[in-house]
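Colleague: The structure that follows is given in the form of structure tokens.
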């Protein structure tokens, strides 16, 4: 799909396997974009099943997210699943919970820090019985569920505007985080977990925070030529 729509990718088309998302600023523009997409499908002798298509929608569900003119949100159905998730009783259940929450980490400020007591339990021999599930683990579990229910909307990046990075480096023993901003609106959150037993001085960790998070967002930041804020 990416090969077929290469001239239109990230201009008004996003593809994932055989799912095609066409986005536009106006209805008139959308009709022109749809015409171009359908012409490509016809030329390549590809067919779209009408029953599986949605046309001219104000918002759509795409890859577990709700996409609209205002930005990208988590799918309410998946948020409800997290909200109702019982405390894990074993390692397998914990990994399932973390797998779901990790999918939405770009919506969560300092995800790696919040989830650290839980991810530490996934190490070999750490979760051997329910006694391993401490009050700190329960607190992290409940906090993750709470922040996911906050209904955060991530803005779409505008490369004509500057990008800003705000670092959350508060000497946490677990890790650090950052948020990519544009005109005060979050575009994505990122975070980094420190290794267990890390004994580096705080200022060394801070340097690692900057290098780690600028690597994560380096493409967008270079395009926007943004300054770095701490």
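Numbering (our numbering), first residue to last: 6 to 235.
Note that the Cβ used here is the ideal one computed from N, Cα and C, for glycine as well.
Following the continuous beta strand (DSSP E) through residue 42, name the residue where it begins and the one where it ends.
Modeller: Working through the chain shown from its first residue, we reach residue 42 at position 37. Residue 42 -> not in any beta strand (DSSP E); alpha helix (DSSP H) instead, spanning 32 to 48.
Colleague: If you count every other CB in all the chains shown that lies within 10 Å of the CB of residue 79, and 16 or more means buried, which is it?
Modeller: Counted from its first residue, the chain shown places residue 79 at position 74. Buried: at least 16 other Cβ atoms inside 10 Å.
Colleague: In its own chain, which residues sit with a C-beta less than 8 Å from the C-beta of residue 100, not counting the 5 before and 5 after it?
Modeller: Within the chain shown, the letter at position 95 stands for residue 100. 127, listed in sequence order.
Colleague: Just reading off the beta strand (DSSP E) that residue 98 is part of, what are its end residues?
Modeller: Within the chain shown, residue 98 is the residue found at index 93, counting from 1. Element bounds for residue 98: not the beta strand (DSSP E) but the alpha helix (DSSP H), 96 to 108.
Colleague: Taking the alpha-carbon of residue 17 as reference, which of 11, 50, 29 has the nearest alpha-carbon?
Modeller: Walking along the chain shown from the start, residue 17 turns up at place 12. The residue with the shortest Cα to Cα distance from residue 17 is 29.
Colleague: Under a three-way DSSP split, which group does residue 116 fall into?
Modeller: Along the chain shown, one-based indexing puts residue 116 at 111. Three-state DSSP puts residue 116 in a helix.
Colleague: Hey, residue 159 and residue 27: beta-carbon distance below 8 Å or not?
Modeller: As a working mapping, residue 159 is identified with position 154 in the chain shown. As a working mapping, residue 27 is identified with position 22 in the chain shown. No. Outside cutoff.
Colleague: Starting from the Cα of residue 113, find the closest Cα among 25, 194, 12, 6 and give me that residue.
Modeller: Within the chain shown, the letter at position 108 stands for residue 113. With distances taken between Cα atoms, residue 113 lies closest to 194.
Colleague: Determine the DSSP secondary structure at residue 208, reduced to helix, strand or coil.
Modeller: Indexing the chain shown from 1 puts residue 208 at position 203. Any reading at residue 208 must be qualified, since the residue scores a pLDDT of 47, below 50, and its modelled position is unreliable; no value is offered.
Colleague: Are residue 172 and residue 149 touching if we call contact CB-CB under 8 Å?
Modeller: As a first step, residue 172 must be located in the chain shown, where it is residue number 167. As a first step, residue 149 must be located in the chain shown, where it is residue number 144. Going by C-beta atoms, residue 172 is not nearer than 8 Å to residue 149.
Colleague: Below 8 Å on the Cβ atoms is my contact criterion, and I expect residue 143 with residue 61 to pass it. Report the Cβ-Cβ distance as a whole number of Å.
Modeller: Numbered from its first residue, the chain shown carries residue 143 at position 138. Numbered from its first residue, the chain shown carries residue 61 at position 56. Actually they are not in contact, since the Cβ atoms of residue 143 and residue 61 sit about 46 Å apart, beyond 8 Å.
Colleague: Just confirm the distance between the C-beta atoms of residue 122 and residue 145, as a whole number of angstroms; I'd bet it's less than 8 Å.
Modeller: Within the chain shown, residue 122 is the residue found at index 117, counting from 1. Within the chain shown, residue 145 is the residue found at index 140, counting from 1. 4 Å between Cβ atoms; contact.
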